[in-house]
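Enquirer: To start, I am sharing the structure in question, which I have written as structure tokens.
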Amino acid sequence: MADEADTRPADDAPLAASKRRDAVDDATKTLIDKPGQGAATSIVGRAVTINRPVAELYAYWRDFGNLATFMDNVVSVSPIDDKRSHWVVKAPGGKTVEWNAVVTEERENELIAWVSEDGADVPNSGRIDFRDAGARGAVVTATILYDPPAGTIGKLIAKMFQREPAIQARRDLRRFKQLMETGEIATASFTKKQLEEEKA
Numbered sequence: 002m003a004d005e006a007d008t009r010p011a012d013d014a015p016l017a018a019s020k021r022r023d024a025v026d027d028a029t030k031t032l033i034d035k036p037g038q039g040a041a042t043s044i045v046g047r048a049v050t051i052n053r054p055v056a057e058l059y060a061y062w063r064d065f066g067n068l069a070t071f072m073d074n075v076v077s078v079s080p081i082d083d084k085r086s087h088w089v090v091k092a093p094g095g096k097t098v099e100w101n102a103v104v105t106e107e108r109e110n111e112l113i114a115w116v117s118e119d120g121a122d123v124p125n126s127g128r129i130d131f132r133d134a135g136a137r138g139a140v141v142t143a144t145i146l147y148d149p150p151a152g153t154i155g156k157l158i159a160k161m162f163q164r165e166p167a168i169q170a171r172r173d174l175r176r177f178k179q180l181m182e183t184g185e186i187a188t189a190s191f192t193k194k195q196l197e198e199e200k201a
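My numbering puts the last residue of the sequence shown at 201; the count rises by one with no breaks.
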């Protein structure tokens with residue numbers, strides 16, 4: 002008798018929205034559950050449609066040094082070699098967190114998957130999927146698994162400071178869309194004080 006999971010229709014929903022627990026479990030094993038890395042306690046999934054060709058979006062993202070141009074809390078991403086990069090990211094309280102990430106899977110113009118190396122301040126992993134949407138351009142989907150510092154309390158503090166990944170993923174994809182479609186990121190007019198508070 003065939004396994005019940007084999008007869009179920011494919012689920013093409015983003016991992017964070019999938020109703021198939023087995024799909025999420027399989028993905029989390031490949032994304033973050035590796036020896037010494039711990040288990041992900043939070044999953045974030047966001048998608049955006051961008052009116053640009055898939056190849057252009059993929060190429061811009063794959064040059065990891067570009068990520069700081071639209072990821073608001075990323076201070077820098079420095080390539081180490083073809084697969085590894087060093088990340089410096091803003092954290093609540095004016096601090097930064099750092100880690101090295103390694104690309105675990107990539108298919109040109111389709112996906113980039115990564116995992117943080119052992120010793121990361123915030124163990125994380127994820128994947129960016131690029132899907133052609135015809136005349137509308139492309140759909141870019143970000144799925145991120147992470148283990149927030151200090152567990153649940155760390156998540157609450159981070160959310161208060163707008164550094165929680167679910168909030169940032171949505172904002173960063175919106176900024177990526179603006180940058181790719183218009184060549185710039187729209188910003189609100191701030192007073193000097195508001196600007197300092199926003200950057201803190």
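Built from N, CA and C at the ideal position, the CB exists for glycine as well.
I need the DSSP call for residue 93, collapsed to helix, strand or coil.
Expert: Residue 93 sits at position 92 when you count from the first residue of the sequence shown. Residue state, collapsed to three classes: helix.
Enquirer: Would you list the one or two residues that DSSP bridges to residue 110?
Expert: In the sequence shown, residue 110 corresponds to position 109, counting from 1. DSSP output for residue 110 lists no bridge partner at all.
Enquirer: Taking the C-alpha atoms as reference points, what is the distance between residue 84 and residue 136?
Expert: If you number the sequence shown from 1, residue 84 lands on position 83. If you number the sequence shown from 1, residue 136 lands on position 135. Looking at the two C-alpha atoms, the distance is approximately 32 Å.
Enquirer: Among all the DSSP beta bridges, which residues are the ones paired with residue 100?
Expert: Residue numbering aside, residue 100 sits at position 99 when the sequence shown is read from its first letter. For residue 100, which the question treats as bridged, DSSP gives the partners 88.
Enquirer: From residue 6 to residue 106, what does the alpha carbon distance come to, in whole angstroms?
Expert: Mapped onto the sequence shown, residue 6 falls at position 5. Mapped onto the sequence shown, residue 106 falls at position 105. Low local confidence applies: a pLDDT of 45 at residue 6 is under 50, so the model's placement there is unreliable, with the coordinate-based value given in what follows. Residue 6 and residue 106: Cα-Cα distance of roughly 25 Å.
Enquirer: Whose C-beta lies closer than 6 Å to the C-beta of residue 49 among residues of the same chain, with five residues either side of it excluded?
Expert: Here the question's residue 49 lines up with position 48 in the sequence shown. Cβ within range, chain order: 141, 174 and 178.
Enquirer: Measure the Cβ-Cβ separation of residue 127 and residue 100 and say whether it is below 9 Å.
Expert: Residue 127 sits at position 126 when you count from the first residue of the sequence shown. Residue 100 sits at position 99 when you count from the first residue of the sequence shown. The answer is no: Cβ separation not under 9 Å.
Enquirer: With C-beta atoms as the reference, is residue 170 less than 9 Å away from residue 47?
Expert: Position 169 of the sequence shown holds residue 170. Position 46 of the sequence shown holds residue 47. Yes, Cβ-Cβ distance for residue 170 and residue 47 is below 9 Å.
Enquirer: Under the rule that 16 or more other beta-carbon atoms within 10 Å means buried, what is residue 79, buried or exposed?
Expert: Stepping through the sequence shown from its first residue, residue 79 is reached at position 78. Exposed.
Enquirer: Have a look at the DSSP bridge pairing and note the partners of residue 130.
Expert: Your numbering for residue 130 matches position 129 in the sequence shown. Residue 130 pairs with 112 and 142.
Enquirer: Which of helix, strand or coil does DSSP assign to residue 81?
Expert: Here residue 81 is taken as the residue at index 80 of the sequence shown, counted from 1. Correct three-state label for residue 81: coil.
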